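In my numbering, the protein residues as written are 17 to 284. Cβ coordinates follow ideal geometry from the N, Cα and C atoms, glycine included. Source: prediction; values computed, not measured. Worksheet: one structure, shown below.
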Ligand code: KIV
């Protein structure tokens with residue numbers, strides 16, 4: 017068992033704002049744990065791995081086996097945060113039984129502590145079944161990247177009153193179905209706040225304003241490693257991308273000029 021559990025995470029609501037982050041590999045997982053056991057209640061092995069790890073332009077092609085692989089890389093080393101793994105596009109839409117089997121694979125083969133499912137009302141049945149089977153489920157509404165074809169791209173959602181009201185009622189249904197937390201992505205700050213007030217499970221925002229209980233950022237984005245990706249909601253907390261490029265240039269120059277390796281860096 018990891019240090020963070022659904023119960024501890026639910027208890028943060030109204031008590032303490034919290035940061036969460038995506039992670040897809042063991043090296044990054046080690047760094048996350050090294051920040052301390054209280055720092056990150058949740059680490060998400062998101063299907064955003066399709067973009068960050070595979071160079072795709074959407075999450076649509078990501079398979080359940082690929083999410084399992086990356087979840088395993090993270091779960092082998094991570095001790096503190098609860099590991100939530102994404103059910104990717106195509107892993108649960110066709111039928112509930114297949115979705116439940118895939119969710120259980122994320123836990124048995126990947127070492128996840130729970131799963132995340134994109135969508136509102138249409139996901140209620142599978143969420144109920146998973147919760148009954150003892151699988152912690154995190155919901156995800158607003159801009160749901162797996163629906164990018166239907167949405168016509170990656171656009172802020174819930175700007176009109178009717179859609180905002182629908183998201184609020186879906187959030188309540190997801191809570192009633194047993195979700196322990198809810199991701200709200202790409203919605204106006206006012207809707208992020210309304211969602212947070214409407215339900216008693218923690219709302220984790222990304223591009224959803226400052227009022228949500230928690231925030232989530234993609235590892236590569238907040239470290240300046242997603243070159244050219246600059247959405248309004250994103251803060252680059254340290255520009256490791258630029259620092260990495262500088263280090264690579266220094267290495268090339270040192271080799272070309274013959275200053276690397278030095279005598280100290282060579283075996284006698
Ligand atoms: O796949 C992902 O990384 C996500 C987060 C951006 C919430 O769903």
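- For residue 236, the enclosing alpha helix (DSSP H) begins and ends at 235-238.
- With contacts defined as CB atoms closer than 7 angstroms, residue 136 and residue 100 fail to qualify as a contacting pair.
- Residue 121 is classed as buried because its beta carbon has at least 16 other beta carbons within 10 Å across all chains shown.
- Using a 10 angstroms sphere on the CB of residue 65, the tally of other CB atoms reaches 16 or more, which defines it as buried.
- Using a Cβ distance threshold of 7 angstroms, residue 59 and residue 97 count as a contacting pair.
- For residue 102, the secondary structure class from DSSP, reduced to helix, strand or coil, is strand.
- Here residue 133 really is in contact with residue 142; their C-beta atoms are around 7 angstroms apart, less than 8 angstroms.
- Placement of the Cβ of residue 62 at a distance of less than 6 angstroms from at least one heavy atom of the ligand KIV is found.
- For secondary structure counted as the beta strand (DSSP E) over 3 or more consecutive residues, the stretch 92-179 holds these complete runs in sequence order: 98-102, 130-134, 153-158.
- When rounded, the separation of the alpha-carbon atoms in residue 177 and residue 210 is 12 angstroms.
- Residue burial is scored here from C-beta neighbours: residue 196 has at least 16 other C-beta atoms within 10 angstroms and is therefore classed as buried.
- Here DSSP, grouped into helix, strand and coil, assigns residue 281 to coil.
- A buried status is given to residue 115, since no fewer than 16 other beta-carbon atoms sit within 10 Å of its beta-carbon.
- For the pair residue 73 and residue 168, the Cα-to-Cα distance works out to about 14 angstroms.
- In the DSSP assignment, residue 211 falls outside any beta strand (DSSP E) and lies within the alpha helix (DSSP H) extending over 205-214.
- Using a cutoff of 6 angstroms, the CB of residue 58 does not count as near the ligand KIV, since none of the ligand's heavy atoms is closer than that.
- With a 10 Å radius around the Cβ and a threshold of 16 neighbouring Cβ atoms, residue 91 comes out buried.
- Taking the C-beta atoms as reference points, residue 80 is found nearer than 7 angstroms to residue 118.
- In this structure, 54 is the residue among 54, 69, 63, 146 with its C-alpha nearest to the C-alpha of residue 95.
- Contact annotation, residue 230 with residue 218: C-beta distance approximately 6 angstroms; criterion of less than 8 angstroms satisfied.
- Remark: the C-beta of residue 222 is in contact range of the ligand KIV, defined as less than 6 angstroms to any heavy atom.
- Excluding five sequence positions before and after residue 46, the CB atoms of its chain that fall closer than 7 angstroms to its own CB belong to 93, given in chain order.
- In the three-state DSSP reduction, residue 232 falls in the strand class (E or B).
- Within the chosen limit of 6 angstroms, the ligand KIV does not reach the beta carbon of residue 160 with any heavy atom.
- Within the chosen limit of 6 angstroms, the ligand KIV reaches the beta carbon of residue 38 through at least one heavy atom.
- The closest CA to that of residue 108, considering only 128, 125, 138, is found on 138.
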